[in-house]
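I have placed the structure first, in the form of structure tokens, so that the comments after it can refer back to it.
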Amino acid sequence: TLCTVHGLREVAAELVGLPTALAEVAAVSAEHPLPDIPLTVITASAPARTAAEARARETIDNLHRKQAAAVPHGRQVYAERSGHLVPFDQPELIAQCVRETARPPK
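Structure below.
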């Protein structure tokens, strides 16, 4: 659907609303700290296609970095072949991260 007029309008609307949505995530995260549990944050990191997308990715990367750093056992993993939907682009990475995160500490 992305290659249709409707799909392109939806993507544009999402990009317009993204800064507000990210600010809301940051506010909620500040008000509700994460519990001390193992945490893996997966960040899509394929090359951005536009300057706006690059700015949004930078903001998301910063939020993900802070989220991973908020707990002692947090880590951030980059999905280098994913532009947005990691479950579709790199499902094997998600499975690997789940296994590693669920593994008992040595």
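Position 5, counted from 1, in the sequence shown is what this note's numbering calls 30; the numbers after and before it change by one each time, with no gaps.
In this text, a Cβ means the ideal position worked out from N, Cα and C, and glycines have one as well.
Quick check: the region 65–74 against the region 29–47, are at least 3 beta-carbon pairs closer than 8 Å? Under the 8 Å Cβ criterion, the region 29–47 does not count as touching the region 65–74, having fewer than three qualifying pairs.
By the 10 Å Cβ neighbour count, where 16 or more other Cβ atoms means buried, how is H98 classified, buried or exposed? Counting other Cβ atoms within 10 Å of its Cβ, H98 stays below 16 and is therefore classed as exposed.
Measure the C-alpha to C-alpha separation of E117 and A51 and round it to an integer number of angstroms. Spanning the two alpha carbons is a distance of roughly 28 Å.
For D114, I'd like the list of residues in its chain whose CB is within less than 8 Å of its CB, leaving aside the five on either flank, ordered along the chain. Answer for D114: A69, A71, A104, R106, S107, G108, listed in chain order.
CA-to-CA distance, L43 to A76, given in whole angstroms: Each residue's Cα considered, the two are about 14 Å apart.
L47 by DSSP, collapsed to three states: which one? Three-state result, L47: helix.
May I have the straight-line CA-CA distance separating V96 from E49, to the nearest angstrom? Each residue's alpha carbon lies about 20 Å from the other.
Provide the residue(s) that pair with T68 in DSSP beta bridges, ordered along the chain. Answer is Y103, bridged to T68.
Separation of A79 from H89, as counted between CA atoms: Roughly 15 Å between the two C-alpha positions.
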